[in-house]
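Quick note on numbering: the sequence shown equals residues 4 to 674 in this note's numbering.
Backbone N, C-alpha and C define an ideal beta-carbon position, used for all residues, glycine too.
Please read these numbers as outputs of a predicted model, since none were measured by experiment.
All remarks here apply to the structure that follows.
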Amino acid sequence: MDNAEVKKELIQIKETLKAWAHEYYVLDQPTASDYDYDKLYRQLEELEGQHPELITPDSPTQRVGGKILTGFEKVTHNVPMMSLSDVFSRSELEAFDARVKKALGVETVAYCCELKIDGLAITLKYQDGLFVQGATRGDGVVGENITENLRTVQAIPMRLAQAINLEVRGECYMPKKSFLALNERREQEGQDVFANPRNAAAGSLRQLDTRVTAQRNLSTFLYTVADFGPLKAMSQSAALAELSTVGFRVNPEYRLCHSVAEIWQYIEEYHAKRTSLPYEIDGIVIKVDDFAQQNQLGFTVKAPRFATAYKFPPEEVETVIEEIEWTIGRTGVLTPTAVMTPVRVAGSTVSRASLHNGDFIAEKDLRIGDHVLIYKAGDIIPEVAKVLLAKRPAGSVPFVLPTHCPVCHSELVHLEEEVALRCINPMCEAQLLEGLNHFVSRNAMNIDGLGPKIMQQLFAKGLVKDVAELYRLQEADFLQLDKVKEKSAENFYRAIQASKSNSAERLLFGLGIRHVGAKAAKILMSHFGTIAALAQATKEDIVAIDSMGEIIADSVTTYFKNQEVHQLLAELQAAAVNLNYLGAPAVSPTESTSEFNGKTVVLTGKLVHYTRDELKARLESLGANVTGSVSKKTDIVIAGTDAGSKLIKAQSLNIPVMDEEQLQSKLMEEQ
Ligand code: IVH
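See below:
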């Protein structure tokens with residue numbers, strides 16, 4: 004074969020493979036068998052192997068990944084990627100419909116209703132019909148270039164039938180089946196599992212090794228274009244049909260509705276079908292169908308006025324309460340946990356849910372053997388929603404709250420105005436152990452390796468009863484523990500020694516004084532400088548500090564009145580544990596001129612240049628309030644690599660996101 008013949012042959016094979024792949028991945032209607040596809044694919048590989056100069060970027064062989072990226076470049080979206088306003092009820096939907104009709108001055112409006120796919124928004128650019136760039140939504144204005152990762156997604160055409168310039172937008176997601184298989188594999192390999200398909204999709208798209216993305220079986224549904232210029236459609240429903248003709252995968256479940264009643268029927272229908280769909284949806288998107296009317300309605304700063312999203316209430320699943328367990332916390336509070344028959348809820352298997360306190364059990368009259376509905380609050384935390392009384396087994400008896408501590412057997416009490424049951428025996432072993440676990444934890448003394456299992460053994464063997472005794476441990480002591488070899492014994496010992504030089508706010512937090520969290524500990528220590536000075540402080544001294552109130556002041560002064568505490572501090576001092584504050588004096592928010600001053604900041608993902616604690620300290624010194632979860636009150640999210648649900652939440656709330664580099668340059672400016 005001469006070169007021209009090879010070229011012709013290659014084109015023919017590629018066209019056939021592409022047609023088959025389109026039928027399989029885009030239309031969900033395969034005509035060729037896997038066997039035939041694989042055979043022809045191998046032929047293509049061979050031919051390309053002999054003529055590597057003839058490999059084109061749109062060849063099916065180029066989808067397997069292989070490029071190792073060093074990072075993701077920023078992409079500024081020509082047309083911003085907005086988010087949608089939300090409605091949560093029929094009456095809110097009616098209000099949306101009324102606003103639309105009023106603004107348009109019409110009696111009826113046609114709406115295009117679509118499934119709200121629970122994945123990641125993406126935008127795909129085509130030049131002369133060729134796929135040239137794919138990006139994430141990012142903060143809506145600037146996203147990340149994930150072109151190479153998206154090349155591996157079979158449902159995304161690498162070349163369109165027509166040589167047009169087009170930017171299409173939609174959702175990239177992981178089908179439920181692929182998600183379950185992926186998690187099963189990860190579990191077998193001892194890796195962390197993904198919480199839900201959306202996180203799995205996000206993690207897969209941000210892989211630097213694109214071969215990993217290729218193996219993750221992602222798919223897409225496209226639903227709009229950045230600029231309608233190249234399309235003929237004059238309405239959303241026509242645009243969906245046209246996108247499908249052009250070669251994109253379009254979700255077929257969309258429907259034109261002409262009233263709230265029809266929309267509501269659509270919503271209810273798909274709410275019921277939700278669990279049987281092969282992909283996850285988290286609501287329904289309702290869009291004014293006619294483009295002229297869409298234009299007339301326009302946009303607010305954040306979202307189009309012509310569309311809204313109805314969010315489904317959290318998914319409820321039935322299971323049975325098999326047992327109620329009680330655990331004792333560091334402060335003696337008993338928390339009940341329902342142990343249930345394992346069930347899948349919102350993407351993961353659940354078998355335990357906190358029942359919070361005795362009142363919660365009593366209010367719901369929750370009993371062992373009861374059938375209950377459970378859901379995931381915020382799609383994450385399992386909660387019992389209600390008891391299915393009709394299914395209550397005959398002979399069931401009300402649950403009796405414990406009267407005695409399950410560990411030390413002393414009588415439990417209800418402190419004034421508290422719903423919690425408490426064990427008030429200060430020598431209760433469960434509490435002592437929890438106190439030790441708290442002392443070594445990351446935000447306290449940060450003693451690496453001394454996890455709950457090790458601590459439990461140290462405690463059970465009588466090697467450690469209080470925190471001062473930790474500092475008397477020798478390497479040999481650890482060798483008495485199960486499965487602990489010399490190397491780990493040495494590491495444990497070293498970690499304990501290293502913790503002696505921590506700045507004292509860690510110690511203060513680690514002591515577990517009621518109401519003194521990590522942040523309050525930091526403020527107190529930066530103010531008083533030494534534990535000894537704090538121990539001398541009066542209530543008035545503490546209340547005088549900005550952001551410290553009566554409750555903390557009371558708790559701190561009461562704590563230091565206890566003689567045993569002074570004994571403990573003396574022992575810590577004798578063991579050479581640092582009792583002084585070593586950080587820079589905290590800047591009070593009003594003194595800071597930083598752009599972070601007074602801002603609520605959330606850190607997520609892996610950071611390269613800072614540890615989390617360092618960055619937190621730095622931001623706090625500039626007057627920022629660093630919190631753990633993203634909410635409407637968050638001002639800035641700082642996202643390292645592999646950021647997951649917090650980043651997605653930030654994006655959905657339109658909260659500005661900064662990556663580590665942007666942050667670094669900002670922090671340089673602050674110096
Ligand atoms: S239309 C102006 N249609 O939901 C924004 N969005 O909260 C146009 N989504 O960021 C979005 N399915 O990631 C639209 N059928 C659908 C959707 C959909 C999922 C996501 C999308 C967007 C978010 C809006």
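Report task. Output the distance between the C-alpha atoms of residue 262 and residue 221, rounded to the nearest integer angstrom. Result -> Those two C-alpha atoms are separated by around 35 Å.
Report task. Mind listing, in chain order, the continuous alpha helix (DSSP H) runs of no fewer than 4 residues lying wholly within the segment 464-552? Result -> Secondary structure in the segment 464-552: the alpha helix (DSSP H) runs of 4 residues or longer, each lying completely within the stretch, are 470-473, 478-482, 489-502, 507-513, 521-531, 534-539 and 542-546 in chain order.
Query - Through-space distance from residue 371 to residue 400, alpha-carbon basis - result: Distance from the CA atom of residue 400 to the CA atom of residue 371, rounded to whole angstroms, is 8 Å.
Query raised in the report: Is it true that the segment 149-162 meets the segment 208-215, where meeting means three or more beta-carbon pairs spaced less than 8 Å apart?
Result: Counting Cβ pairs under 8 Å, three or more are found: they touch.
Requested in this report: Using the DSSP secondary-structure output, state which residues sit across from residue 661 in a beta bridge.
Outcome: DSSP output for residue 661 lists 641 as bridge partner(s).
Query raised in the report: Does the ligand IVH have even one heavy atom less than 7 Å from the beta-carbon of residue 227?
Result: Within the cutoff, so yes.
Query raised in the report: If we count the other Cβ atoms within 10 Å of its Cβ and call it buried at 16 or more, is residue 292 buried or exposed?
Result: Counting Cβ neighbours within 10 Å, residue 292 comes out buried, since at least 16 surround it.
Query raised in the report: Hey, quick one: how far does the alpha helix (DSSP H) through residue 102 stretch, first residue to last?
Result: Residue 102 -> alpha helix (DSSP H) spans 93-107.
Report task. Measuring only between beta-carbons, confirm whether residue 539 sits less than 8 Å from chain C. Result -> Absence of chain C from the displayed structure is noted, only one protein chain being present.
Report task. Tell me whether residue 658 is buried or exposed, calling it buried when 16 or more other Cβ atoms sit within 10 Å of its Cβ. Result -> By the C-beta density criterion, residue 658 is buried, having at least 16 other C-beta atoms within 10 angstroms.
Query raised in the report: If you check the beta carbons only, do residue 259 and residue 324 fall under 8 Å apart?
Result: Contact: no.
Query raised in the report: For the candidate residues 608, 611 and 625, whose alpha-carbon lies nearest to that of residue 602?
Result: Residue nearest to residue 602 within the set 608, 611 and 625 is 625 (criterion: CA-CA distance).
Query raised in the report: Considering only the beta carbon of each residue, do residue 143 and residue 88 sit closer than 8 Å?
Result: Against a cut-off of 8 Å, the Cβ pair of residue 88 and residue 143 comes out as no contact.
Query - Contact set for residue 478: own chain, Cβ-Cβ below 7 Å, skip 5 residues either direction - result: Cβ neighbours of residue 478 beyond the five flanking positions: 492, 493 and 496.
Requested in this report: Check whether the Cβ of residue 246 sits closer than 7 Å to any heavy atom of the ligand IVH, and report yes or no.
Outcome: No, the Cβ of residue 246 stays beyond 7 Å of every heavy atom of the ligand IVH.
Requested in this report: Mark residue 361 as exposed unless 16 or more other C-beta atoms lie within 10 angstroms of its C-beta, in which case mark it buried.
Outcome: Classification of residue 361: buried, given that the 10 Å Cβ count is 16 or more.
Query - Buried or exposed (CB count within 10 angstroms, at least 16 for buried), residue 589 - result: The predicted position of residue 589 is uncertain, since its pLDDT is 47 and thus under 50; no value can be drawn from it.
Requested in this report: Please name the residue in 37, 517, 338 and 320 whose C-alpha comes closest to that of residue 353.
Outcome: Ranking 37, 517, 338 and 320 by Cα distance to residue 353 puts 320 first.
Report task. Please work out which residues of its chain come closer than 8 Å, Cβ to Cβ, to residue 662, disregarding the five sequence neighbours upstream and downstream, and give them in chain order. Result -> Cβ neighbours of residue 662 within its own chain (closer than 8 Å, five residues either side excluded): 641, 642 and 643.
Query raised in the report: Can you tell me whether residue 639 is buried or exposed, with buried defined as 16 or more other CB within 10 angstroms of its CB?
Result: Classification of residue 639: buried, given that the 10 Å Cβ count is 16 or more.
Query - Simplified DSSP state of residue 130, which is helix, strand or coil - result: Looking at residue 130 - three-state DSSP - the assignment turns out to be strand.
Query raised in the report: Any idea what DSSP makes of residue 136, helix, strand or coil?
Result: Residue state, collapsed to three classes: strand.
Report task. Assess, as a yes-or-no matter, whether the segment 546-563 is touched by the segment 470-486 under the definition of 3 or more beta carbon pairs within less than 8 Å. Result -> The segment 470-486, when compared against the segment 546-563, does not touch it at the 8 Å Cβ threshold.
Query raised in the report: Do residue 86 and the ligand IVH come close, with the Cβ less than 7 Å from some heavy atom?
Result: Taking 7 Å as the cut-off, one finds at least one heavy atom of the ligand IVH near enough to the beta carbon of residue 86.
Report task. Tell me, to the nearest whole angstrom, how far the beta carbon of residue 633 is from that of residue 652; I am working on the premise that it is less than 8 Å. Result -> Indeed, because the Cβ distance is near 4 Å, the residues count as touching under 8 Å.
Query raised in the report: Just reading off the beta strand (DSSP E) that residue 354 is part of, what are its end residues?
Result: Where residue 354 is concerned, the enclosing beta strand (DSSP E) stretches over 351-357.
Query raised in the report: Where does the unbroken alpha helix (DSSP H) through residue 3 begin, and where does it stop?
Result: Beyond the ends of the chain as shown, which are 4 and 674, falls residue 3; an answer cannot be given.
Requested in this report: Please state whether DSSP places residue 430 in a helix, a strand or coil.
Outcome: Three-state result, residue 430: coil.
Query raised in the report: Under the criterion of a Cβ to heavy atom distance below 7 Å, does residue 288 qualify as lining the ligand IVH?
Result: Relative to the ligand IVH, the beta carbon of residue 288 is positioned inside 7 Å of a heavy atom.
Query - Residue range of the alpha helix (DSSP H) that includes residue 274 - result: Element bounds for residue 274: 263-276.
Query raised in the report: Hey, out of 133, 149, 560 and 36, whose CA is closest to residue 74's CA?
Result: Minimum Cα distance to residue 74 is reached at 149.
Query - Where residue 592 falls: helix, strand or coil (DSSP) - result: Since pLDDT at residue 592 reaches only 47, below the 50 mark, its modelled position is unreliable, and no value is offered.
**Report entry** Residue burial classification, residue 654 (beta-carbon count within 10 angstroms, cutoff 16)
**Finding:** Classification for residue 654: buried.
Query raised in the report: Any heavy atom of the ligand IVH within a distance shorter than 7 Å of the CB on residue 655?
Result: At least one heavy atom of the ligand IVH lies less than 7 Å from the C-beta of residue 655.
Query raised in the report: Between which two residues does the beta strand (DSSP E) containing residue 341 stretch?
Result: Per DSSP, the unbroken beta strand (DSSP E) holding residue 341 starts and ends at 336-348.
Query raised in the report: Nearest CA to the CA of residue 35: which residue from 648, 173, 248 and 19?
Result: When each option's Cα is compared against that of residue 35, the closest is 19.
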